[in-house]
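**Student:** The structure under discussion is supplied below as structure tokens; questions concerning it will follow.
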Amino acid sequence: MSFGRPLLRTSYEADAAILPTWFQKGSAIVALLGVTLMALGFGPLEAIPKFLLGNTWINPVTITVVFAIAALGINILVGVTGQVSLGHAFFMGTGAYTAVMLGGNVGEEESWKACVPFHDNMGLLAEQGECGLGLPIWIWLPASGVVAAAIGVLVSPAAVKVRGLYLAIVTVGLVFIGLHLGRMLPEWAGDFESGRKWPKLDLRLWKEETPLVEMTEDGKWFGLIHLSEEQKQFFFLFSIMLLMLWFAKNLVRSRTGRALQAIRDRDVAAEVMGVPEFKYKRIGFAISSAYAGIAGALFASLNGRVSPVDFGLLLSVDFIAILLIGGAGTIAGTMLGTVFVELLPEVVEKFTAWMATKLDAGGPVGLISNFLLTEGGEGDFGPISIATVAPGWPMSTFQWNFVIYGVLIVVFLIFEPLGLFGVWLKVRNYWKGWPFSY
Amino acid sequence: MSHLLEVDNIVLRFGGVTAIDGVSFHVDEGELFAVIGPNGAGKTSVFNSLSQVYRPQEGDIKWKGSSIMGLRPDAVAELGIARTFQNIALFGQMTVIDNLLMGRHIRMKGNWWQNMLWKASKAEEMANREKVEDIIDFLEISPYRKMPVALLPYGIQKRVELGRALAMDPELLLLDEPAAGMNLEETEDMARFILDIREELGIAMILVEHDMGLVMDIADRILVVDFGKPIGTGLPEEVQQNPDVIAAYLGGDFVDL
Ligand SMILES: Nc1ncnc2c1ncn2[C@@H]1O[C@H](COP(=O)(O)OP(=O)(O)OP(=O)(O)O)[C@@H](O)[C@H]1O
Ligand SMILES: [Mg+2]
């Protein structure tokens, strides 16, 4: 077709940019700067997370960063491709065990296996397996993604042919198979509860004594700046997360990601447009699994150990909650959901602990604390139990968190299917009439 | 000499229902062929057989001389056969631009890892975006470019679907009731687009349409089906004179002609 219209190529590029407007570019830079300063301990900025999460705020935040990677993965499968999977925990576990087999080694032996000390005829001791091949991170981290993706491809023939609820059930099966294998193969998986010891984040060329980049002790980084172990890990993992986010964003703004969305919206029409449905579902499944695998490996590394119990069904459900609360299909929503789902329990916990210190303070604060909390004593009432053992009513903060999520998921499903992202859109559109430019 | 498309005596059954019962026809390059018939006659089933969404139990379908029977729908698309759907099947959550870019899918090469690295696929994305913008201009839908298609009015959705099929650079375009549910003005616009496509791009088309005025005006040849069986084929004038056709349409649109 010839129309002789001047083509504004630059505007197409701007359209396809990750942050299309100057306002968005600016906000992103400010946000990155803010996060960096916060992690460096810049007083006024650090005060916010300190208030919400306590002095050790960087630990839950770093875990959240790792979960964000896994959440980006589940969003590609569930939000973008429209295939509801509950198998994400299984793929995280796959990645975590790949990492510990290749990268772990604090024991004597170099071995794939866990080297759990056995008692004759008495079963195993509840000790962590300490072996591993001791390979460097640039091998075990990509490998954990590749292995998880490969297993994803292996099981995909069963997954691509079923839809909706059936797929959810098939993938739940994966989680149970994983847990079962973990119980059956202690010489590989380590003890079911305590598991195996971690692969360290240190960056080495091979197996040399002093790492290229030290990540597990406080100290100077690149001879420039003194950082704590936690700060180093935060910056390192945050960079990996940004990279994974960039990959995910690139995917959804180009050919492959569009094909995945087309399958989500109208699978028959997608096929008639030339998209081989099974092939693309398999691609979505594999990429999502790779994200899970990498996140699982980093989670294990951060946690200090890997054990089968960590990768149960509740972990998979966490990710569905992230998508439902944040807003499935959008990357911004995924990020919002992750922060909310991972950090809210910490905030509730912290706040409860703070109230517990005010029980005898008197005044309105003491009164409210007394009203909400109970230590389980005679005549002590309140919905939140702070006793060490709290079965049934009153419930612990841990149990309350489940209730809060349940309620939130239902509320979002009914009132705002786009999740927190949808709420943000509404707020933004409301303000659009103002002289702010977006 | 072989035709662009040759349908030879296909039979399609769903359990006890025979949706297509021995239909044969051919389409040549650049031709505008129409398939008409009462409701439930099997017109959409013919389209679904051509794109291999349904698999006829008997007969053969040849594209440029070789059979396409048993190919997957995506492989048929790659051959250069594009279509629209009777009940609009757009990608609802995606924007107009992205829907049309989906039409470019088979004409693009970037695979998943090139896409994830972006640099490797950026040039291709931009080039195809230009193609898509041309089609958007042609169909006069630029105001809606960045809106999710599910939010658009019906008539516009019909146009977007035509655009999506056009974006595939097809050699044969299957249009399933492109003017259904449209008012006079919208129908005229649609007829103009169809004629432009034929004249400027020379794409062969098969048109399924209930609007007899439209069909008689623009079709080169017409096939009439009823209860899955072909009851007449030929030039528009011939078909209008055919007593079987008149009988099938008794009380229908033909009485007015
Ligand atoms: N997937 C299916 N399963 C069972 N029967 C079907 C299926 N698709 C079509 N049919 C039947 O095949 C026959 C032809 O249907 P088809 O949709 O092809 O008719 P049509 O000519 O397009 O009608 P209309 O003008 O209403 O669009 C109908 O009797 C219909 O019920
Ligand atoms: Mg029909």
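Quick mapping for you: the protein sequence lines, in order, are chains C and A. If you read the first sequence in this note's numbering, its first letter stands for residue -11, the second for the next number, and so on. If you read the second sequence in this note's numbering, its first letter stands for residue 41, the second for the next number, and so on. Using N, Cα and C, we set each Cβ at its ideal position, and we do this for glycine too. Bear in mind that the values here come from a model prediction, so they are computed numbers and not experimental data.
1) Mind listing the chain C neighbours of Ile146/A? Cutoff is C-beta to C-beta under 8 Å, in chain order.
2) Go ahead and label Tyr289/A buried or exposed: buried means 16 or more other beta carbons lie within 10 angstroms of its beta carbon, across all protein chains shown.
3) Could you check which residue in Ala344/C, Phe369/C, Gly325/C and Leu347/C has the C-alpha nearest to that of Gly407/C?
4) When the cut-off is 8 Å and only beta carbons count, does Ala4/C lie next to chain A?
5) Can you tell me whether DSSP reads Leu(-5)/C as helix, strand or coil?
6) Using the three-state DSSP reduction, which class does Val57/A fall into: helix, strand or coil?
7) Beta carbons nearer than 8 Å to chain A: which residues of the segment 244 to 260 of chain C have them?
8) With a cut-off of 8 Å, does the C-beta of Glu404/C fall near any C-beta of chain A?
9) How would you write the range of the alpha helix (DSSP H) that Thr44/C sits in, first residue to last?
10) Please say whether Val264/A and Gly272/A have beta carbons closer to each other than 8 Å?
11) Taking just the CA atoms, how far does Leu72/A sit from Gly105/A?
12) Going by CA-CA distance only, name the one from Arg169/A, Ser64/A, Leu44/A and Phe54/A that's closest to Lys269/A.
13) By the DSSP assignment, the alpha helix (DSSP H) with Ile308/C in it spans what residues?
14) Tell me whether Gln387/C, by its Cβ, gets closer than 7 Å to a heavy atom of ligand 2.
15) With respect to 7 Å, is the separation between the Cβ of Thr84/A and the closest non-hydrogen atom of ligand 1 below this value?
16) Starting from the C-beta of Asp108/C, find all residues in its chain whose C-beta is less than 7 Å away, skip the five residues before and the five after it, and write them out in chain order.
17) Does the beta carbon of Gly80/A fall short of 7 Å from some heavy atom of ligand 1?
18) When DSSP builds the beta bridges, which residues end up paired with Glu98/A?
19) Alpha helix (DSSP H) containing Lys338/C: first to last residue?
20) Is there a C-beta anywhere in chain A that falls below 8 Å from the one on Met(-11)/C?
21) Looking only at its chain, what residues have a beta carbon closer than 7 Å to the beta carbon of Gly120/A, apart from the 5 residues adjacent to it on each side?
22) Please look up how many angstroms separate the CB atoms of Arg204/A and Asn139/A, rounded, as I've assumed it's under 8 Å.
23) Since Val93/A meets chain C, which of its residues come closer than 8 Å, beta carbon to beta carbon?
24) Under 6 Å Cβ to Cβ from Asp206/C, same chain only, skipping five residues before and after it: list those, please.
25) Counting only Cβ-Cβ distances shorter than 8 Å, please list the residues of the segment 169 to 185 of chain A near chain C, keeping chain order.
26) According to DSSP, is Met(-11)/C helix, strand or coil?
27) Among Glu180/A, Leu45/A, Met208/A and Val67/A, which one has its Cα closest to the Cα of Gly274/A?
28) Taking just the CA atoms, how far does Ser99/C sit from Leu121/C?
29) So what's Met109/A in DSSP terms, helix, strand or just coil?
30) If I follow the unbroken beta strand (DSSP E) through Met245/A, where does it start and stop?
31) Can you pull the chain C neighbours of Glu320/A, defined as C-beta to C-beta under 7 Å?
32) Comparing C-alpha positions only, which one of Gly152/C, Val135/C, Glu330/C and Pro296/C sits nearest to Leu90/C?
33) Using a Cβ cut-off of 9 Å, which residues of the segment 132 to 143 of chain A contact any Cβ in chain C, in chain order?
34) Here's the rule: buried if 16 or more other CB atoms are within 10 angstroms of the residue's CB, otherwise exposed. What is Val201/C?
35) Could you check whether Leu355/C and Ile372/C sit closer than 8 Å to each other, using their CB atoms as the reference points?
36) Sorry if obvious, but does the Cβ on Phe54/A come closer than 7 Å to a heavy atom of ligand 1?
**Tutor:** The structure says:
1) Met261 and Gly262, listed in chain order.
2) Around the beta carbon of Tyr289/A, a 10 Å sphere encloses 16 or more other beta carbons of the protein chains shown; the residue is thus reported as buried.
3) Ranked by Cα distance from Gly407/C, the options Ala344/C, Phe369/C, Gly325/C and Leu347/C are led by Gly325/C.
4) yes
5) Low confidence applies to Leu(-5)/C: its pLDDT is 45, below 50, so where it sits in the model is not reliable, and the reading given next is rough at best. It is coil, neither helix nor strand.
6) strand
7) Thr244, Gly245, Arg246, Ala247, Gln249, Ala250, Arg252, Asp253, Arg254, Val256, Ala257, Ala258, Glu259 and Val260
8) no
9) Careful: Thr44/C lies outside any alpha helix (DSSP H) and carries neither H nor E.
10) yes
11) 19 Å
12) Ser64/A
13) Leu301 to Gly314
14) no
15) Yes, the beta carbon of Thr84/A sits closer than 7 Å to at least one heavy atom of ligand 1.
16) The predicted model places Asp108/C with a pLDDT of 47, which falls under 50 and marks its position as unreliable, so this point remains unresolved.
17) yes
18) Val51/A
19) For Lys338/C, the uninterrupted alpha helix (DSSP H) segment begins and ends at Ile319 to Thr345.
20) Note that Met(-11)/C scores 42 on pLDDT, short of 50, meaning its location in the model is unreliable and no value can be drawn from it.
21) Pro210, Glu211 and Leu212
22) Correct: roughly 5 Å between the Cβ atoms.
23) Going along chain C in sequence order, the residues near Val93/A (Cβ under 8 Å) are Val256, Glu259 and Val260.
24) Ser216 and Glu217
25) Arg169, Glu170, Glu173, Asp174, Ile175, Asp177 and Phe178: these are the residues of the segment 169 to 185 of chain A whose beta carbon lies less than 8 Å from some beta carbon of chain C, given in chain order.
26) Reliability of the predicted coordinates at Met(-11)/C is poor, the pLDDT of 42 falling under 50, and no value is obtained from them.
27) Val67/A
28) Whole-angstrom Cα-Cα distance: 5 Å.
29) coil
30) Ala244 to Val248
31) Missing from the structure shown is residue 320/A; chain A here goes from 41 to 297 and no further.
32) When only C-alpha atoms are compared, the closest one is Val135/C.
33) Gly132, Gln133, Met134, Ile137, Asp138, Asn139, Leu141, Met142 and Gly143
34) exposed
35) no
36) yes
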